[in-house]
Every structure is written in structure tokens, then in C-alpha cells.
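Below is one structure, written out as C-alpha cells; the observations come after it.
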Amino acid sequence: MRTALNFAVLLLALGLCESLQRGYVGEEPEPVAEPSKYGSLWPLPQKVQISDVSYKLSSSNFRIVDGKLSYADPSCSLLQDAYRRYFDYIFGLTRKHGPKSGRTGPSELTELQVWITSPDTECDGYPSLASDESCESLSFFNIQLLDLIYYIVFILFPLFLGLETFSQLVYEDEYGVKNVNSSEINDFPRFAHRGILLDSSRHFLPVQVILDNLETMAMNKFNVFHWHIVDDPSFPFMSKTFPQLSQKGAYHPYTHVYTPADVKKVIEFARVRGIRVIPEFDTPGHTQSWGKGDFPCENLLTPCYSGSKPSGTFGPVNPILNSTYDFMKQFFKEISTVFPDAYIHLGGDEVNFSCWKSNPDIQKFMTDHGFGQDFSKLESFYIQNLLDIVTTTNKGYMIWQEVFDNGVKLTPDTLIHVWKGNQQQYQKEMANVTSSGYQTLLSTPWYLNRISYGQDWQEFYKADPQEFNGTETQKKLVIGGEACLWGEYVDATNLSPRLWPRASAVAERLWSAMDVTDLGDAWNRLSPHRCRMVERGVPAEPLFVSYCPREYNGV
1 MRTALNFAVL LLALGLCESL QRGYVGEEPE PVAEPSKYGS LWPLPQKVQI SDVSYKLSSS
61 NFRIVDGKLS YADPSCSLLQ DAYRRYFDYI FGLTRKHGPK SGRTGPSELT ELQVWITSPD
121 TECDGYPSLA SDESCESLSF FNIQLLDLIY YIVFILFPLF LGLETFSQLV YEDEYGVKNV
181 NSSEINDFPR FAHRGILLDS SRHFLPVQVI LDNLETMAMN KFNVFHWHIV DDPSFPFMSK
241 TFPQLSQKGA YHPYTHVYTP ADVKKVIEFA RVRGIRVIPE FDTPGHTQSW GKGDFPCENL
301 LTPCYSGSKP SGTFGPVNPI LNSTYDFMKQ FFKEISTVFP DAYIHLGGDE VNFSCWKSNP
361 DIQKFMTDHG FGQDFSKLES FYIQNLLDIV TTTNKGYMIW QEVFDNGVKL TPDTLIHVWK
421 GNQQQYQKEM ANVTSSGYQT LLSTPWYLNR ISYGQDWQEF YKADPQEFNG TETQKKLVIG
481 GEACLWGEYV DATNLSPRLW PRASAVAERL WSAMDVTDLG DAWNRLSPHR CRMVERGVPA
541 EPLFVSYCPR EYNGV
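So this is what it looks like as C-alpha cells:
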């Protein structure tokens, strides 16, 4: 009996091994790929009508030009650079702009006219949370065929969004000829804040990697780069006011830092693609790298005690010293001049109180101020002082949800960033924040550093930041969300394939109408969109078993 049982177990094990080798165990059913009536548009515009009438495009005859009634400034290089960039996307990066042919076919499209409708073209301006991307007041994206000329009508910063959509309408026929169908599209984003968070502290991200990601963000109509630039492991931001922060706190003071020129380059690269750059300098926790510098940073962190003696280790920022706030005033004054966006992310999450509890000076301060043993009150004391400092720089601030949860007094324009809990918990938090009258954005279901086998993009796609119990007034306080890629296991070698096209699912959720939820149609559009990113040089990982007409050729 035992021999028979052992033999049966052996057969079962062999069968399991064979199934694993063939990839059968846990394998998902293969999605049925069918052409979408919307082609490969991603994210899906608000209103789309694509006719069956198609027109050919050739690189020798087609041009992207300013419309005759456009307010475009001929000296605005931002426009011309965008035209060249999208010409290359349409016809391939290796194709040259050939001489214009004198002959065109009867159904050949020769021009894409861009009409800037605002007298103030904002050529030197920066996008903001208040940037109007709506077609309701600006005819942001209205595209149709007129005498074999497409035209797009919008103000400046949505220009990039419109050009991206046009480029996605272009397709190749079986002979490799570029075509575009007569279409009418009216478009605007559902949410104003559509962000990607990258962590450059746990692993240093070379500037080119950041720039490449900004390019891919524009392909997916994200408009906020949340730069989690420093944290416990390293301080790569090179401060002019306190150069010792990066000299001591970076992984390497020369090779693993972001110089002022680097930061300026990132901000400008983002600006000309309609993307905001919001830096995060998280305190009082997540600051171990801050305390490695010499004076005046040497007393910035709290000395921890073991019994009655210092242990030689340090905890969060020391909230009881005047020198702490003097440092923060100077530091954030510099930050406010380096980063032009109206907001700074101030963090405020995951503060470990154990070091504060061990320090006798902190204990005395707690007693003197009537805080008892409630160290969240001490945290609130620090945060309140920091918020007052940042307010003097004329910047708004974003904070992680713990600051709100701990009852810190906040200004009405504070943005609360929700990141904790399961679905039920984050939906309750969204309801609590908005019922208190604050604007909020969601990241909890979109931590893309958490990976699993299978098509997890579908779960990202199904999550909705307005799906909670609340009034319509509360729902309007939700400004959007961010997909986060934390850096414990991410560096330049795997950032793009881990992020894309999984983040694309978040992009459509934050852009398209609330009722755009069909996973089948999403698959049918996202799969060719992923191939389009691959063709443009982005190493976006596969969604499932498939192939791209033009595969990724490596670096």
C-alpha cells in the first residue's frame, strides 16, 4: 500500500513538473485580440468619431505647420521642436525630412495645421494645476478633415496632447504606407493631476533615464513628475546653500548627484512636454541622509539614547531646536527658487517615534508643552512649523495622508496624498479628506513597484479615485492620482519595463471618462499602444503572449 501510494505521489510530482515546464499552472486564458473601433488611441479621448475614409501621408509632402489664424509666435521654439518631434514619431526616427515633392495623390494629406487660440501663447511659461485643458471653453482638441488638411485647435500646453493623439491616429497599411482616417475628436482630461512618482534616493537614476521617462509620460498624457529626490539612503540633490548635504549624503559626491544644471535640464525637458515637476523633500522621517553633513546640519537629526547614554544613532529631524527651523527656512527658500511649480511635496509619512521617546531633552520638551506621551502631537508641532515656513515662500504644499490624520492645521489649498491601506480603507480615507473640504489625490492601488505574475494592469485599470461614499461636491475635490514606482528594487536597468505599460492603465483611468471600463477594448488598444512605445524606443514589457511588428532592438 505504501509502495503504491509513493508511486502515485511520484506520478503527481512528475505531472506537476511537466505542467510547470510547459507553463500551464496558473496560466491565464489568452485574451481574444480584436481591432478596436477606436484604433490604438490611448488614453481614450472623451469623444471620438473615426470614419472609414482614409488618406495617405508621405514624409516628403506632409508638414506640421502653424494655422493661418493661429496666435503662434514664430520665435517660439517650443512649438517647432514639438512639430519636429512628432513628425519623427509619425514617420520613424531614422527617416529624414526629404524635399517636398511637387506631386501629390488625390487622397494624400499634406498638412496638419495647428491653431493656437490664445493671444498669450505662454511659450516661456510653465504648466500648472490650474492649466485649462478643457475643450468646453477652449475647443482644446477638435480635429477633422478640411480640404485634405487636418487642423487642431487649442492653447499652448495641450498642444502636446493633441499632437500625441494625431500621431496615434496614423497607421500603416499592408504595404507599409502611412494612413490616417478622417476623424472628429473632442478631448479633455477627467482629472487635472495625472502623475508618476520616481524614487531617485534608494537607487540613483541617471538624468537620461529620467528624461526618457518624461518622454514616455508624454506619450501617455501624464502631466506631473513627482520627483522623490531624497530619502534615508541618499541625498543626491546638490544644494547651493548647503552643499555638504550631497557631499556627505549622496552615494558618491560627484557621480551620484543632481547638479543645478541637471535639475534645470529635467524641469525644462518636462516643461516643453507640458509636464510639471514637483519635488518631494520628506521630513521629519526618511531623513537619515540629511544628517551626514557637517555644520549646520550636524544637529539636524535627533540623537537616540540607550538608557541614559547616547547610542550613537540618530532618528527623525529634531523638532525642539530653533536651529532646525533656521535650517529649514534657508533650505526651502532655495527649493522654492529652483523648482518653479506652485507646489512642493513635504512628505510627513512613517515617522518612527522610538528615538524621540528615548531622548531626555525631547521628553522634557513634551512635558513642558503638555504633550504627555502623545508623540503625534510633537510631530504635528514640527509639521505646523514647517508648513508655516513653506507658506512664506509662496508655495502650496502636498503632504502624505498621515499629516491630515494627525490633525495638523492645514491651509485650504493643501493637497492630501492618500497612499495607505486596502481598498476599503483608502476609500474611507478619501471620503474623510474630502468631507473636510480638502483636495486629494490617490496612489494606494497604483504602487507599481509591487509586482505579481500575470496581467496586473487590469487591477490598476479598474481602480477609480472617485469610487467612495461621498457627495458630488466631495468627488469634485479629487484632483487625480499618481502611479508610484519606489526604488528598493528598481534602478536604470529595469525602470522602464517595470513601469510601462502598467502605468498606461493608470493613465487612461485618470484621463478618460468614468464609464470607460471595458477591459476587452482596453486590451485591444493597449496592446498596439505598447508596441507603439516599443517602436519609439521604450522597453515596455509585454502584456501577454504577443509580438510587435517592430520589436525592441536594445539600447
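Take the sequence shown: its letter number 438 is residue 438 in full-length UniProt numbering, and every next letter is one higher.
Ideal placement from N, C-alpha and C gives every residue a C-beta, glycine not left out.
As the structure is a prediction and not an experimental result, all values here were calculated from the model.
Per DSSP, reduced to three states, the secondary structure at Trp-42 is coil, with no helix or strand assignment. Only residues of its own chain outside the window of five on either side were considered, and among them Gly-285 have a CB closer than 6 angstroms to the CB of Glu-350, listed in chain order.
Comparing C-alpha distances from Ile-50 to each of Thr-165, Thr-393, Trp-511 and Pro-279 shows the shortest one belongs to Thr-165. In the displayed model, Cys-531 falls within a helix according to three-state DSSP.
In the DSSP assignment, Leu-442 falls within the beta strand (DSSP E) that extends over 439-442.
DSSP, reduced to helix, strand and coil, places Ser-496 within a helical segment of the structure shown. Per the Cβ contact rule, the segment 376-384 is in contact with the segment 394-413 (3 or more Cβ pairs under 8 angstroms). Residue state for Phe-166 is assigned as helix, using DSSP reduced to three classes. According to the DSSP assignment, Lys-264 belongs to the alpha helix (DSSP H) that extends over 260-271.
Secondary-structure assignment with DSSP links Cys-484 through a beta bridge to Leu-197 and Tyr-447. For Val-506, the three-state secondary structure derived from DSSP is helix. Classified as buried, Val-170 has 16 or more neighbouring CB atoms from the shown chains inside 10 Å of its CB.
Around the beta carbon of Ala-33, a 10 Å sphere encloses fewer than 16 other beta carbons of the protein chains shown; the residue is thus reported as exposed. As computed with DSSP, Phe-332 is found in no beta bridge at all. Using a Cβ-Cβ distance cut-off of 8 angstroms, the segment 180-200 and the segment 222-241 are in contact, since at least three pairs of beta carbons, one from each stretch, lie closer than that value.
With a threshold of 16 other beta carbon atoms within 10 Å, Val-490 meets it and is buried. Listed as beta-bridge partners of Trp-400 by DSSP are His-417. Taking a contact as a CB-CB distance under 8 angstroms, the pair Arg-536 and Tyr-89 counts as one, their CB atoms being some 6 angstroms apart. In summary, Met-398 is buried, with 16 or more beta-carbon neighbours lying within 10 Å of its beta-carbon over all protein chains present.
Tyr-343 is a Cβ neighbour of Lys-395, given a cutoff of 8 angstroms.
Of the other Cβ atoms in all chains shown, 16 or more fall within 10 Å of the Cβ of Val-263; this residue is therefore buried. Cβ contact annotation for Glu-488 (same chain, cutoff 6 angstroms, sequence separation greater than five): Arg-202, in chain order. The closest CA to that of Ser-36, considering only His-529, Gly-480 and Tyr-552, is found on His-529. Within the segment 190-254, the complete beta strand (DSSP E) segments of 3 residues or longer fall at 193-199 and 224-228, listed in chain order. Within the same chain, and ignoring the five residues on either side of Ser-40 in sequence, the residues whose Cβ sits closer than 7 angstroms to its Cβ are Gln-168, Arg-525, Pro-528, His-529 and Arg-532. Across the set Pro-340, Gly-454 and Ala-82, the C-alpha of Gly-454 shows the shortest separation from the C-alpha of Val-545.
Judged by their CB atoms, Phe-314 and Arg-276 are not nearer to each other than the 8 angstroms cut-off.
When Cβ pairs closer than 8 angstroms are counted between the two stretches, the segment 408-427 is seen not to touch the segment 350-359, the count staying below three. In this structure, the straight-line span from the alpha carbon of Val-516 to that of Gly-480 is close to 16 angstroms.
Here the C-alpha atom of Glu-298 lies approximately 34 angstroms from the C-alpha atom of Glu-268. Arg-85: member of the alpha helix (DSSP H) spanning 77-91, first to last residue. Under the DSSP assignment, Tyr-343 falls in the beta strand (DSSP E) whose first and last residues are 343-345.
The segment 461-470 and the segment 425-433 touch, with no fewer than 3 CB-CB distances between them shorter than 8 angstroms. Under the three-state reduction of DSSP, Arg-536 is assigned to coil, being neither helix nor strand.
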